[in-house]
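Number of protein chains: 2
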Amino acid sequence: MYSEINAPIRTIMTPGPVEAHPRVLRAMGIPILGQFDPAFLKIMDEVKEMIKVPFQTKNEQAFAIDGTSRSGLEAALIGLIEPGDKVLIPAYGRFAYLLGEISERAKADVVYLEKEWDSIFDQSDIIQAIKEHQPKIVALIHGETANGQMQPLEKIGEYCQENDVFFVVDTVATYGGAPVKVDEWGIDIAIAGTQKCVGVPSGMSLITYNERVEKVLTSRYQKELGLSKDFRNERHISSNYLDLSQLQRYWSNERINHHTEATSMIYALHEGLRLMIQEGIENGYERHRVNDEAIQAGIAAMGLKLYGDLETKMPTVTPILIPEGIDGEAVRSMLLNEFGVEIASSFGPLQGKIWRIGNMGFSSRKENVLHVLAAFEAALVFHGAEINRGEGVMAALRVYQEHK
Amino acid sequence: MYSEINAPIRTIMTPGPVEAHPRVLRAMGIPILGQFDPAFLKIMDEVKEMIKVPFQTKNEQAFAIDGTSRSGLEAALIGLIEPGDKVLIPAYGRFAYLLGEISERAKADVVYLEKEWDSIFDQSDIIQAIKEHQPKIVALIHGETANGQMQPLEKIGEYCQENDVFFVVDTVATYGGAPVKVDEWGIDIAIAGTQKCVGVPSGMSLITYNERVEKVLTSRYQKELGLSKDFRNERHISSNYLDLSQLQRYWSNERINHHTEATSMIYALHEGLRLMIQEGIENGYERHRVNDEAIQAGIAAMGLKLYGDLETKMPTVTPILIPEGIDGEAVRSMLLNEFGVEIASSFGPLQGKIWRIGNMGFSSRKENVLHVLAAFEAALVFHGAEINRGEGVMAALRVYQEHK
Numbered sequence: 001m002y003s004e005i006n007a008p009i010r011t012i013m014t015p016g017p018v019e020a021h022p023r024v025l026r027a028m029g030i031p032i033l034g035q036f037d038p039a040f041l042k043i044m045d046e047v048k049e050m051i052k053v054p055f056q057t058k059n060e061q062a063f064a065i066d067g068t069s070r071s072g073l074e075a076a077l078i079g080l081i082e083p084g085d086k087v088l089i090p091a092y093g094r095f096a097y098l099l100g101e102i103s104e105r106a107k108a109d110v111v112y113l114e115k116e117w118d119s120i121f122d123q124s125d126i127i128q129a130i131k132e133h134q135p136k137i138v139a140l141i142h143g144e145t146a147n148g149q150m151q152p153l154e155k156i157g158e159y160c161q162e163n164d165v166f167f168v169v170d171t172v173a174t175y176g177g178a179p180v181k182v183d184e185w186g187i188d189i190a191i192a193g194t195q196k197c198v199g200v201p202s203g204m205s206l207i208t209y210n211e212r213v214e215k216v217l218t219s220r221y222q223k224e225l226g227l228s229k230d231f232r233n234e235r236h237i238s239s240n241y242l243d244l245s246q247l248q249r250y251w252s253n254e255r256i257n258h259h260t261e262a263t264s265m266i267y268a269l270h271e272g273l274r275l276m277i278q279e280g281i282e283n284g285y286e287r288h289r290v291n292d293e294a295i296q297a298g299i300a301a302m303g304l305k306l307y308g309d310l311e312t313k314m315p316t317v318t319p320i321l322i323p324e325g326i327d328g329e330a331v332r333s334m335l336l337n338e339f340g341v342e343i344a345s346s347f348g349p350l351q352g353k354i355w356r357i358g359n360m361g362f363s364s365r366k367e368n369v370l371h372v373l374a375a376f377e378a379a380l381v382f383h384g385a386e387i388n389r390g391e392g393v394m395a396a397l398r399v400y401q402e403h404k
Numbered sequence: 001m002y003s004e005i006n007a008p009i010r011t012i013m014t015p016g017p018v019e020a021h022p023r024v025l026r027a028m029g030i031p032i033l034g035q036f037d038p039a040f041l042k043i044m045d046e047v048k049e050m051i052k053v054p055f056q057t058k059n060e061q062a063f064a065i066d067g068t069s070r071s072g073l074e075a076a077l078i079g080l081i082e083p084g085d086k087v088l089i090p091a092y093g094r095f096a097y098l099l100g101e102i103s104e105r106a107k108a109d110v111v112y113l114e115k116e117w118d119s120i121f122d123q124s125d126i127i128q129a130i131k132e133h134q135p136k137i138v139a140l141i142h143g144e145t146a147n148g149q150m151q152p153l154e155k156i157g158e159y160c161q162e163n164d165v166f167f168v169v170d171t172v173a174t175y176g177g178a179p180v181k182v183d184e185w186g187i188d189i190a191i192a193g194t195q196k197c198v199g200v201p202s203g204m205s206l207i208t209y210n211e212r213v214e215k216v217l218t219s220r221y222q223k224e225l226g227l228s229k230d231f232r233n234e235r236h237i238s239s240n241y242l243d244l245s246q247l248q249r250y251w252s253n254e255r256i257n258h259h260t261e262a263t264s265m266i267y268a269l270h271e272g273l274r275l276m277i278q279e280g281i282e283n284g285y286e287r288h289r290v291n292d293e294a295i296q297a298g299i300a301a302m303g304l305k306l307y308g309d310l311e312t313k314m315p316t317v318t319p320i321l322i323p324e325g326i327d328g329e330a331v332r333s334m335l336l337n338e339f340g341v342e343i344a345s346s347f348g349p350l351q352g353k354i355w356r357i358g359n360m361g362f363s364s365r366k367e368n369v370l371h372v373l374a375a376f377e378a379a380l381v382f383h384g385a386e387i388n389r390g391e392g393v394m395a396a397l398r399v400y401q402e403h404k
């Protein structure tokens with residue numbers, strides 16, 4: 001017989017999943033309501049409105065999808081893509097290739113614009129590629145967790161809006177931690193997750209899209225066979241589970257039966273979004289910014305080097321070059337097993353080359369930053385790294401003093 | 001500003017989502033662990049093993065998918081179906097058409113074997129149809145919540161195994177509430193959900209499949225582009241999110257990065273499965289059976305009629321004919337608003353004709369049965385139905401006395 005869960009308490013400073021606020025954890029203990037219980041529908045309606053706040057959008061459509069972040073990316077892309085459609089994917093890190101993988105599976109004609117992972121694109125280069133390739137869709141990562149870079153978007157969005165190109169943006173790693181201005185930046189569909197800067201457990205994706213997208217979805221809408229035998233559509237979306245045209249109608253006042261909404265996750269999301277709105281999203285950005293400044297100051301003071309262009313580093317991830325001769329995984333193991341601190345490794349060409357310290361959601365707290373820096377120094381010293389001892393935490397403390 | 005959730009306490013006697021055990025609700029309050037934290041991997045491994053118990057299977061492959069039940073149905077079907085493959089779907093209720101909808105979207109050549117919804121198929125009729133149509137896949141609902149019927153499977157399974165046909169079975173409404181014998185019945189893929197007889201909140205699908213299916217999946221495996229640029233496969237599965245060949249490798253010791261596992265839902269599932277195993281799955285079936293007997297006795301004693309063939313009624317749903325002249329929705333509203341009791345309506349041709357009382361998971365408790373019968377009688381009397389007053393609860397009590 002398996003025993004009950006005895007989970008150790010961790011300080012999670014990775015790019016997700018991150019710690020959940022006690023109020024979020026408690027919200028999941030609220031007893032179940034039926035999916036069409038008016039009391040539950042009211043909660044869904046509130047979630048719908050609250051999702052829009054960190055997206056900074058007036059879009060009618062915003063809701064949660066019962067799947068992890070990538071379910072939202074797939075829903076967004078397959079909702080727009082029809083076989084043969086051209087999709088332009090500028091890639092400055094790992095997750096652009098996830099957008100590509102999904103688009104290729106949707107039988108799109110995918111064009112990659114590739115570069116080194118150490119910096120972002122100049123927006124004019126992407127606009128130039130749009131002019132050259134004339135895609136139907138441009139799909140882009142706003143904040144790339146693999147390398148910690150954050151891509152400016154407003155000029156690309158403006159060009160897309162003026163030239164009838166759909167602009168799909170993955171804001172999974174930034175939503176709530178850095179400004180995401182869906183309307184102002186001309187984003188047609190933005191997708192986020194719960195397990196990063198929202199500080200809610202993994203398992204839901206958040207999405208918003210404008211009327212231009214809604215029009216496409218409506219033209220592809222097919223009512224489910226179990227509900228109507230006549231309402232067929234040759235251009236229907238390939239998936240039933242991730243069909244935005246159906247999901248939208250489940251979340252609307254039509255309440256057309258689709259899946260059974262994930263009750264407890266919706267409770268958690270409701271409380272997580274409430275916490276963000278209570279703090280004020282601008283205050284939330286500032287908290288992430290200050291904690292990021294402290295992390296960067298601490299790492300620099302130790303004498304370690306950061307990876308990539310610091311001008312465009314996102315505030316929610318700090319990539320650190322592993323010093324020569326140090327076994328990155330051994331340091332991570334010591335952090336986890338001795339200090340209960342989790343930091344991340346990375347993907348692809350950066351695997352084994354960098355560590356990543358996350359700074360997201362409820363994990364983005366002063367005490368976490370100080371704890372991870374102190375533990376990190378000790379683990380580095382233990383493994384023989386030559387660093388400036390005693391400087392990291394001091395530098396971080398000075399940042400906090402300045403912002404008092 | 002939205003206020004905190006003030007959810008009313010409901011007695012949920014629908015075919016899902018049902019009430020969650022307090023231990024399940026409490027498990028979701030356990031702090032977050034990272035997705036590759038050894039402590040979390042141990043929990044995933046335990047979940048994998050425990051999922052197999054109510055499936056009564058020795059399959060190597062069994063895991064959870066981060067989506068509601070229908071995400072598992074879609075993953076199963078798109079994992080096997082390639083464009084043009086013939087899928088035979090015997091339909092004796094609403095959810096067969098969901099299997100059809102998903103299969104059609106996967107570009108299968110779908111053949112329906114249809115009948116009235118009041119009873120199940122004779123197994124020999126389905127075998128006859130397999131002989132006639134020679135499908136690659138037979139996809140079937142084990143327990144149909146829309147009408148409460150439960151289809152015997154063992155002869156169909158035996159025939160499929162002997163004739164190289166894949167047998168895909170939706171056990172969403174029976175898993176944990178009635179015997180599901182994956183190995184003995186020759187089922188290739190079985191799919192369940194959490195929000196019914198497992199008594200865990202909605203949001204996860206449970207799946208198991210045998211080596212025959214694994215072989216197909218392995219032949220279609222494509223490593224994700226963000227992880228490898230070379231590992232392409234022309235026969236790859238259409239979805240990335242619901243790609244079983246990738247999910248299997250995430251849940252295996254290879255731990256190949258896919259989504260970020262839904263931490264708190266896994267905790268809930270771990271505790272829900274533990275509760276089932278602690279009770280003993282045979283004892284769980286017996287509990288559902290006795291409570292079903294009490295519900296049926298109570299409804300009959302009131303003078304109401306049940307819908308469909310009682311010989312093949314599943315123990316987890318009781319469909320009741322709405323008496324002529326009674327507004328079914330008015331009775332349901334009174335139950336919810338005055339008694340805090342939720343029962344269900346139905347779909348398609350049965351909408352407005354029947355009510356459905358669910359009897360699933362933690363909701364399948366004596367006190368719930370007695371409460372719903374007492375409330376139901378009162379709501380019926382209030383709405384002018386001519387029923388035998390005072391008999392329903394008495395009949396149910398007598399059933400419980402007999403089983404003492």
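Residue numbers (this note's numbering), protein chains in the order written: chain X, 1 to 404; chain S, 1 to 404. Heads up, the beta-carbon is just placed ideally off N, CA and C, and yes, glycines get one too. All values derive from a computational prediction rather than experimental measurement.
Contact note: serine 364 of chain S does not reach chain X at a C-beta cutoff of 8 Å; the least C-beta distance is about 14 Å.
Between cysteine 197 of chain X and glycine 176 of chain X, the C-beta gap is smaller than 8 Å, which places the two residues in contact. Secondary structure note for proline 31 of chain X: it is in no beta strand (DSSP E), with a DSSP letter that is neither H nor E. The region 159-176 of chain X makes no contact with the region 219-235 of chain S; the number of CB pairs closer than 8 Å stays below 3. Closer than 8 Å to the CB of proline 135 of chain X there is not a single CB belonging to chain S.
Non-local beta-carbon contacts of valine 200 of chain S in its own chain, meaning distances under 7 Å to residues more than five positions away in sequence, involve Ala20, Val24, Thr194, Ala268, Leu269 and Gly272 in chain order.
Closer than 8 Å to the CB of proline 83 of chain X there is not a single CB belonging to chain S. Looking at the DSSP output, proline 90 of chain X sits in a beta bridge with X:Leu113. Between the region 207-224 of chain X and the region 74-94 of chain X there are three or more inter-stretch CB-CB distances shorter than 8 Å, so the stretches are counted as touching. One alpha carbon belongs to valine 331 of chain S, the other to glycine 384 of chain S, and they sit about 10 Å apart. Of all alpha-carbon atoms in X:Asp118, X:Ile277, X:Glu377 and X:Glu158, the one lying nearest the alpha-carbon of alanine 146 of chain X is that of X:Asp118.
Annotated three-state conformation of tryptophan 185 of chain S is coil, per DSSP.
Proximity of the region 365-378 of chain X to the region 203-213 of chain X falls short of the contact definition, fewer than three beta-carbon pairs being nearer than 8 Å. Beta-bridge partners assigned by DSSP to isoleucine 65 of chain X: X:Ser205. Proximity of chain S to aspartate 170 of chain X at the Cβ level (cut-off 8 Å) is not reached, the minimal Cβ distance being about 12 Å.
Burial state of proline 315 of chain S is buried, judged by a 10 Å Cβ sphere holding 16 or more other Cβ atoms. Aspartate 183 of chain S and arginine 398 of chain S have their alpha carbons spaced roughly 37 Å apart. Residue-level contact by beta carbon holds for valine 18 of chain X and chain S, with a gap shorter than 8 Å. Closest in C-alpha terms to glutamate 116 of chain X, from the list X:Gly303, X:Glu254, X:Arg235 and X:Tyr92, comes X:Tyr92. Of all residues in the region 163-196 of chain X, the ones placed with a Cβ closer than 7 Å to any Cβ belonging to chain S are Gln195, in chain order. Beta-bridge partners assigned by DSSP to isoleucine 141 of chain S: S:Asp170. Taking C-beta atoms as the reference points, glutamine 123 of chain S and isoleucine 89 of chain S fail to come closer than 8 Å.
For a cut-off of 8 Å, the C-beta gap from lysine 58 of chain X to glutamine 134 of chain X is around 29 Å, too long to register as a contact.
Boundaries of the beta strand (DSSP E) harbouring leucine 321 of chain S: 317-321, taken from the DSSP string. Here isoleucine 51 of chain X has Ala62 and Leu206 as same chain residues with Cβ atoms under 6 Å from its own Cβ, once five neighbours each way along the sequence are excluded. Per DSSP, the continuous beta strand (DSSP E) segment holding arginine 356 of chain X begins and ends at 354-358.
Within its own chain, the residues whose Cβ lies closer than 7 Å to the Cβ of aspartate 243 of chain X, once the five positions on either side in sequence are excluded, are Ile237, listed in chain order. Looking at the DSSP output, valine 341 of chain X shares a beta bridge with X:Thr11. Of all residues in the region 333-357 of chain X, only Leu336, Glu342, Phe347 and Gly348 place a beta-carbon less than 8 Å from a beta-carbon of chain S. Secondary structure of isoleucine 191 of chain X (DSSP, three-state): strand. In this chain, histidine 258 of chain X is not harboured by any alpha helix (DSSP H), its DSSP state being neither H nor E. Under the criterion of beta carbons closer than 8 Å, serine 69 of chain S and valine 180 of chain S do not qualify as touching, at roughly 14 Å.
Taking C-beta atoms as the reference points, proline 323 of chain S and arginine 356 of chain S fail to come closer than 8 Å. Within chain S, no residue has its CB atom less than 8 Å from the CB of leucine 140 of chain X, the nearest being about 15 Å off. For proline 315 of chain S, no Cβ of chain X is located within less than 8 Å of the residue's own Cβ. Assigned with DSSP and collapsed to three states, leucine 304 of chain X falls in coil, not helix or strand.
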